[in-house]
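See structure below.
Residue numbers (my numbering): 239 to 318.
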């Protein structure tokens with residue numbers, strides 16, 4: 239390992255590493271939330287939305303071509 243790379247790696251802290259690893263957990267996942275977030279809550283401020291984004295997901299309240307996963311309160315939902 240070169241000295242430059244070694245210095246970079248050795249200077250990283252858990253405050254650098256853990257969030258970077260965390261964002262990889264749901265990287266590439268596009269979530270649709272349907273009926274999970276109360277109507278009086280701004281979706282982008284909901285805890286489940288913020289948590290999913292912190293793990294690397296892209297969140298939406300609409301079904302889109304890029305949607306890979308659906309999180310729904312009901313088996314049949316109007317969003318689907």
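Every residue, glycine too, gets a C-beta built ideally from N, C-alpha and C. Keep in mind it's a predicted model, so treat the numbers as computed, not measured.
According to the neighbour-count rule (16 or more other Cβ atoms, all chains shown, within 10 Å of its Cβ), is residue 295 buried or exposed?
Residue mapping note: residue 295 aligns to position 57 of the chain shown, counting from 1. When all chains shown are included, residue 295 counts as buried.
Taking all protein chains shown into account, do 16 or more other C-beta atoms lie within 10 angstroms of the C-beta of residue 272, making it buried, or fewer, making it exposed?
Taking the first residue of the chain shown as 1, we reach residue 272 at position 34. Classification for residue 272: buried.
Nearest residue (CA-CA) to residue 288, options 310, 261, 308, 306:
In the chain shown, the residue the question calls residue 288 occupies position 50. For the residues 310, 261, 308, 306, the minimum Cα distance to residue 288 belongs to 261.
Would you mind sorting residue 253 into buried or exposed? The rule is 16 or more other CB atoms within 10 Å of its CB.
Translated into the one-based positions of the chain shown, residue 253 becomes position 15. With a threshold of 16 other beta carbon atoms within 10 Å, residue 253 falls short and is exposed.
Let me know the secondary structure DSSP gives residue 298 once reduced to three states.
Residue numbering aside, residue 298 sits at position 60 when the chain shown is read from its first letter. Correct three-state label for residue 298: strand.
Spell out whether any CB of chain D is found under 7 Å from the CB atom of residue 260.
Here there is only one protein chain, and chain D is not present.
If you follow the beta strand (DSSP E) that residue 270 is part of, which residue opens it and which one closes it?
On the chain shown, residue 270 is found 32 positions in, with the first residue counted as 1. Start and end: 268-272.
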